[in-house]
Structure formats: C-alpha cells, structure tokens
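Undergrad: Residues in the sequence shown are numbered consecutively from 1, following our numbering.
The C-beta atom is built at its ideal place from N, Cα and C for all residues, glycine as well.
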Amino acid sequence: MTSGSGGNGGSGGNGGINGNGDGTGFFTSVADTAERLAATGYLASTAVATTVFLADRLGKPLLVEGPAGVGKTELAKAVAELGAARLVRLQCYEGIDEARALYEWNHAKQLLRITAGRDEGWDRARDDIFGEEFLLTRPLLTAIRGEEPTVLLIDEMDKADVEVEALLLEVLSDFQVTVPELGTVTATRRPFVLLTSNATRELSEALRRRCLFLHLDYPDAELERRIVRLKVPGLDDTLAASLVRVVGALRAMELRKAPSVAETVDWARTLLALGADSLDETVVRETLGVILKHQDDIRKATQKLTLA
1 MTSGSGGNGG
11 SGGNGGINGN
21 GDGTGFFTSV
31 ADTAERLAAT
41 GYLASTAVAT
51 TVFLADRLGK
61 PLLVEGPAGV
71 GKTELAKAVA
81 ELGAARLVRL
91 QCYEGIDEAR
101 ALYEWNHAKQ
111 LLRITAGRDE
121 GWDRARDDIF
131 GEEFLLTRPL
141 LTAIRGEEPT
151 VLLIDEMDKA
161 DVEVEALLLE
171 VLSDFQVTVP
181 ELGTVTATRR
191 PFVLLTSNAT
201 RELSEALRRR
211 CLFLHLDYPD
221 AELERRIVRL
231 KVPGLDDTLA
241 ASLVRVVGAL
251 RAMELRKAPS
261 VAETVDWART
271 LLALGADSLD
281 ETVVRETLGV
291 ILKHQDDIRK
301 ATQKLTLA
C-alpha cells in the first residue's frame, strides 16, 4: 500500500511461506514480489519488494518500523492473501503476557476434571489435565504448530513490555516454543513472521538481530496518487493529484497526528461521495475531519493551508 526503505541483518535458515525449507521461497524474484503484492492492491516500492523477497527466501522474520498508517499491517495482510496463507495476528498492548501471547491452561476445565476423578489419585489426574484437551493456544503457539501456510503478524511490538521481547527470542531464533508440561514444539512449516513497530520505544538489539529490517515512511506524491487511483478508481486524476498535494502539505505541518495513507484514501472516497470536482476551500473546510482527528490540528490547518 505504501513505500519505504529497507535493509537486512543477521543470518538465518532457509524457509519461505510455502514451507519448502529448501531456500526456494514463495517468490521467484524481487519483480515477482512487487507484481504479486500489486495484484492484492498493495503498491510496493523496490525497497519493500526486495526486503519481503529476502525475508521469504531466507526464512527470516521481518521487522517493519515507521509511523502509524503507512501500510505496515496491510503488508502482512497482502502477503497472507497472495500466499493463500492463514493470517495469525498477535496484537500487542501494554501488559500483554505469556498467557495471551503463547498459551495458557484451561483452569476451569482442569478443575472439573480433577473433581470428576477425585477417587483416582493425583498422579493420574495430573497426567490428564496437562494434555492437549486442556491447552488453550494463543497466536504464537498457533502459528508454530500450524501445518498450512501461515503469516504470523506481531502488531505494534513497541507497545509490549520488554519481557514479551524475551519470550519472542526463542520463537524468532529457532521457530520453536517450549511448553514445560508437553515439551518443545518445533515448527514443521515455518510461518512468514512480520513484526510492526511505530517506534514509540526502542526495541532490543537481540530482537532486531533476529530480523530483517524495513522502514516504511509516507509514500512520495506519485506513489500515493497511484494508491488513491487504485483504491478509488472513480476519482478524477486531477482531483487525486490535488488531494495528494494537500495531504503532503498537512504532513509538513507540526500536527498532533499527520494524515495516514488510509485517511488519504478515506478523503478521496469522501470527495467522490460528495460529487466534488475540485478541492476548494469550502470542500476542504467541510471535510477536514476525515483526515485530521484533533481540533487543534484542524484549526492549524485551516489557518495555514494554501490551496492556490
């Protein structure tokens, strides 16, 4: 959906979303990656296509960092769509723990089992209650155990605590998870792993070392115009160009929240719904709430924006 610049680092094994494990990967080339992403509606720069291709070919997790709303999460969705893969999403937040990220035991069901078998002794009950029937798998374990093509999206990693990063190190290094009561579960088909970060806090070097890195920023005007025309095909090309120019001017202001690419598309759809044929002051003033979500931002934009 958007563009960016990327790089890579570290070493790792072969893999690929198709799970061949022989280093062939799902994509055949950088050009093939860009073409397939475009087919899903995600217009990728050469840097984005290159990094996605390498992440798949090398079997490495991909850390995508950048401001909110530039297409980081959409990239994972696009890869899942073009790979006909299941998308498993771990949404990070402050306070998320192992039970929500990895697995937990169904304590209520375990208690019922113990109560029902109270006459058989603890040793037998213990063997039963720590079996598969009582295990609640969360996103990380679900992705590791999956036998079908899987994309594991670890979204907004920077919102999680550092303890969660430590939990991820085993997953990202060896694609395995240790459940003390059951042993180590190793992936038979490695998922394509994509982590996103809005860079609200610095991620550890240990985590970064295990990933390829891609920085996504707001797209340049030409790419954003192409995105708008793709997502809102009924919009006049001249109006699309004017809209992108205004959005660029807004992002250059010191706003509390700059307009995202998704909000640019929303604004384009708004103009189409209103039947607007130009972006004059009246139209802008009446629709700024579509792309700016704070009143002081709207006030600043109204005062400083020049549409000439």
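1. Name the residue from Glu224, Leu272, Pro191 whose alpha carbon lies nearest to the alpha carbon of Ser45.
2. Roughly how far, in whole angstroms, is the beta-carbon of Pro259 from the beta-carbon of Leu271, given that I think they are within contact range, below 8 Å?
3. Would you list the residues sitting across from Ile154 in a DSSP beta bridge?
4. Taking 8 Å as the cut-off, decide whether the C-beta atoms of Tyr42 and Ala76 are in contact.
5. Here's a check: name, in chain order, each residue in its chain whose Cβ is nearer than 8 Å to the Cβ of Glu170, leaving out the five neighbours to either side.
6. Below 7 Å CB to CB, which residues in the same chain sit around Gln110 once its five sequence neighbours on both sides are set aside?
7. Kindly identify the DSSP beta-bridge partner or partners of Val179.
8. Could you pull the DSSP bridge partners for Trp105 from this structure?
9. Quick one: what does DSSP say Gly289 is sitting in, helix, strand or coil?
10. Return the Cβ separation of Leu82 and Leu37 in integer angstroms, given the expectation that the two are a contact with Cβ distance under 8 Å.
11. Is DSSP giving Ser204 helix, strand or coil here?
12. Check whether the region 205-217 and the region 242-249 touch, using three or more Cβ-Cβ pairs below 8 Å as the test.
13. Could you spell out where the alpha helix (DSSP H) holding Ser278 opens and where it closes?
14. The alpha helix (DSSP H) that contains Ser45, what's its start and end?
15. So Val193 packs on Lys231, CB below 8 Å; how close in whole Å?
TA: By the coordinates alone:
1. A check of alpha carbon separations from Ser45 across Glu224, Leu272, Pro191 identifies Glu224 as the nearest.
2. At roughly 14 Å, the Cβ-Cβ gap does not stay under 8 Å, so Pro259 and Leu271 are not in contact.
3. Leu90, Leu195
4. Not closer than 8 Å, so no.
5. Answer for Glu170: Gln176, Val177, Thr178, listed in chain order.
6. Answer for Gln110: Ile129, Phe134, listed in chain order.
7. Gly183
8. Bridge partners of Trp105 according to DSSP: Leu135.
9. helix
10. 7 Å
11. coil
12. no
13. Element bounds for Ser278: n/a, residue is neither H nor E.
14. Here Ser45 belongs to no alpha helix (DSSP H), and DSSP marks it neither H nor E.
15. 27 Å between Cβ atoms; not a contact.
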